[in-house]
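Sequential numbering from 1 applies to the sequence shown in UniProt numbering.
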Amino acid sequence: MTDFVDLGFAVECEEPWLLESRFFPSKVGGKPAWLSLKNIPNSEKLACDYCKEPTVFLCQIYAPYEKNEKAFHRTIFVFICKNSSCCKDNSNGNLKIFRSQLERENEFYPAIPPVEECNWRTDLRIENLVDICFVCGIAAPYKCSKCKKVKYCSQLHQVSHWKNGHKASCGTEAEELSLEKNKFLFPEFELDMEEEVYSEKSDTDVDVAGELKKIEELKINGQISLQSEENVDEDLLKMANGEVDKTLLKFKKRIQNAPDQVIRYNLGGQPLFVSSSDQPSEIPNCENCNSARQFEFQIMPQLLTTLKIDSSTDCIHWGTIAIYTCKNSCEPIADYVPEFAWKQE
Numbered sequence: 001m002t003d004f005v006d007l008g009f010a011v012e013c014e015e016p017w018l019l020e021s022r023f024f025p026s027k028v029g030g031k032p033a034w035l036s037l038k039n040i041p042n043s044e045k046l047a048c049d050y051c052k053e054p055t056v057f058l059c060q061i062y063a064p065y066e067k068n069e070k071a072f073h074r075t076i077f078v079f080i081c082k083n084s085s086c087c088k089d090n091s092n093g094n095l096k097i098f099r100s101q102l103e104r105e106n107e108f109y110p111a112i113p114p115v116e117e118c119n120w121r122t123d124l125r126i127e128n129l130v131d132i133c134f135v136c137g138i139a140a141p142y143k144c145s146k147c148k149k150v151k152y153c154s155q156l157h158q159v160s161h162w163k164n165g166h167k168a169s170c171g172t173e174a175e176e177l178s179l180e181k182n183k184f185l186f187p188e189f190e191l192d193m194e195e196e197v198y199s200e201k202s203d204t205d206v207d208v209a210g211e212l213k214k215i216e217e218l219k220i221n222g223q224i225s226l227q228s229e230e231n232v233d234e235d236l237l238k239m240a241n242g243e244v245d246k247t248l249l250k251f252k253k254r255i256q257n258a259p260d261q262v263i264r265y266n267l268g269g270q271p272l273f274v275s276s277s278d279q280p281s282e283i284p285n286c287e288n289c290n291s292a293r294q295f296e297f298q299i300m301p302q303l304l305t306t307l308k309i310d311s312s313t314d315c316i317h318w319g320t321i322a323i324y325t326c327k328n329s330c331e332p333i334a335d336y337v338p339e340f341a342w343k344q345e
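Structure representation (structure tokens):
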């Protein structure tokens, strides 16, 4: 368990090649930068529980596990269905989480740190080792029947790509194909991780219990109107009137110093929930080893804004997504092991 929280901020990456697998990135959007370069998840494993269509890559966190030498390299991958009808309140069926890890000495990467140069070990690019879907970047058992070059995870993505550009460019060089705009993916950003600067005694934090007591005393004495007083915190006024969840207020106060945070990483800690209701009462054990899972990180609502996802009812949404992973970070049998997500509205 860590005593501090790392915050993740989505930033533009000036060198997109730094977000490839060979540099062990933490990132948002684009195609996944797979860690293990074999047995990557296919469309069946990544299918939404509701519509059965492939989910799309949302983000990944590179998080080596110091307690396990077999997790010298370790990445958690998050996928989500883009169909708004599948985004049901406080339900995780539209989310897929996978963990991959490798020892320092492994069959893919050198034991020394990567050299941050564009031409360094280009043989490690995933497309050189595994057939991946041109549309979404997951395992691709299908090929375009005409050019035999472009690969797909499913017939759904093959048809979609044919209608949205490949019909006109089929038969051209792969380099030209790579320039086609991919509308299926989320915009790509690098995740810049920084330790949270926070103090329980921070002047910017509100003593919720104390402030509520003062408000109640003022109300009893007739010295305050909940509708008109301008000198009292609006959220506290609403809470005093039974309109605001105390957990939500705590959430807002905690993130106010860094409102652009899209990730909160706190292995073994507790999520910062947005509501006192619909919190998980029990987290399922690891599917791989049956050990208990622990909280590792959460995805914040600010990411919706970063990705320019509309806040209307016909778009995906969340208050927060809490990710739980195997407490032992057990060795995956098949390179990628499922983990658990809890989506709270």
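Glycine included, every Cβ here is placed at the ideal spot set by N, Cα and C.
Checklist line | Sub-7 Å separation of ILE263 and PHE295 beta-carbons | finding: no
Notebook entry, point to check: Is the beta carbon of LYS151 less than 7 Å from the beta carbon of ASP131?
Noted result: yes
Item checked: the stretch 44–54 touching the stretch 107–122, judged by at least three CB pairs closer than 8 Å -> no
Notebook entry, point to check: Which runs of the alpha helix (DSSP H) spanning at least 4 residues fall entirely within the stretch 23–68, listed in chain order?
Noted result: none
Notebook entry, point to check: Excluding sequence positions up to five away, which residues of its chain have a Cβ less than 7 Å from the Cβ of LYS286?
Noted result: Checking the sequence, you will find Cys at residue 286 rather than Lys. Excluding residues within five positions, the ones whose Cβ falls inside 7 Å are ARG293, CYS326, CYS330.
Check: When burial is assigned at 16 or more other CB atoms within 10 Å of the CB, is SER291 buried or exposed?
Finding: exposed
Notebook entry, point to check: The alpha helix (DSSP H) with GLN155 in it runs from where to where?
Noted result: 155–161
Check: Hey, how far is the Cα of LYS146 from the Cα of GLU339?
Finding: 38 Å
Check: For LEU191, does the three-state DSSP call read helix, strand or coil?
Finding: strand
Next item on the list: Leaving aside the five residues before and after LEU37 along the sequence, list all residues of the same chain whose C-beta is less than 8 Å from its C-beta, in chain order.
Entry: SER21, PHE108, LEU124, ILE126, LEU129, VAL130
Margin query: Taking the alpha-carbon of PRO114 as reference, which of ASP245, LEU19, LEU272, ALA10 has the nearest alpha-carbon?
Written below: LEU19
Note to self: Assuming LYS96 is part of the alpha helix (DSSP H), what are its boundary residues?
What the structure shows: No alpha helix (DSSP H) contains LYS96, which is instead part of the beta strand (DSSP E) from 95–102.
Item checked: For PHE79, three-class secondary structure by DSSP -> strand
Checklist line | SER43 burial status per 10 Å Cβ neighbour count (16 or more: buried) | finding: buried
Next item on the list: List the endpoints of the continuous beta strand (DSSP E) containing LEU7.
Entry: 6–11
Margin query: Rounded to whole angstroms, what is the Cα-Cα separation between ILE323 and LEU267?
Written below: 10 Å
Margin query: Can you tell me whether ASP335 is buried or exposed? The criterion is at least 16 other CB atoms within 10 Å of its CB, across all chains shown.
Written below: buried
Notebook entry, point to check: Once you ignore the five residues that flank SER85 on each side, which residues in its own chain have a CB closer than 8 Å to its CB?
Noted result: TYR50, CYS51
Check: With 16 other CB atoms within 10 Å as the buried threshold, where does GLU190 fall?
Finding: buried
Margin query: For LYS250 and SER275, I'd like the C-alpha separation in whole angstroms.
Written below: 9 Å
Note to self: In the DSSP output, which residue or residues are listed as bridge partners for TRP342?
What the structure shows: ALA322
Next item on the list: Measuring alpha carbon to alpha carbon, tell me which of LEU58, GLU282, PHE77, ALA63 ends up nearest PRO301.
Entry: LEU58
Checklist line | Beta-carbon proximity list for PRO41, same chain, < 7 Å, skipping 5 on both sides | finding: PHE98, ILE138, ALA139, TYR336
Notebook entry, point to check: Between the C-alpha atoms of GLU175 and GLU14, what's the straight-line distance to the nearest angstrom?
Noted result: At GLU175 the pLDDT is 40, less than 50, meaning the model places this residue with poor confidence and gives no usable figure here.
Notebook entry, point to check: What's the gap between the Cα of ASP148 and the Cα of GLN155?
Noted result: Checking the displayed sequence, the identity of residue 148 turns out to be Lys instead of Asp. Approximately 14 Å between the Cα atoms of the pair.
Notebook entry, point to check: Hey, how far is the Cα of PHE184 from the Cα of CYS133?
Noted result: 12 Å
Item checked: Where ALA63 falls, given that 16 or more other Cβ within 10 Å makes a residue buried -> buried
Margin query: Quick check on VAL5: buried or exposed, where buried means 16 or more other Cβ atoms within 10 Å of its Cβ?
Written below: buried
Checklist line | Within-7 Å CB hit, GLN279 to chain C | finding: Of the chains in the structure shown, none is chain C; there is only one protein chain.
Checklist line | Reduced DSSP secondary structure (H/G/I, E/B, other) of GLN302 | finding: helix
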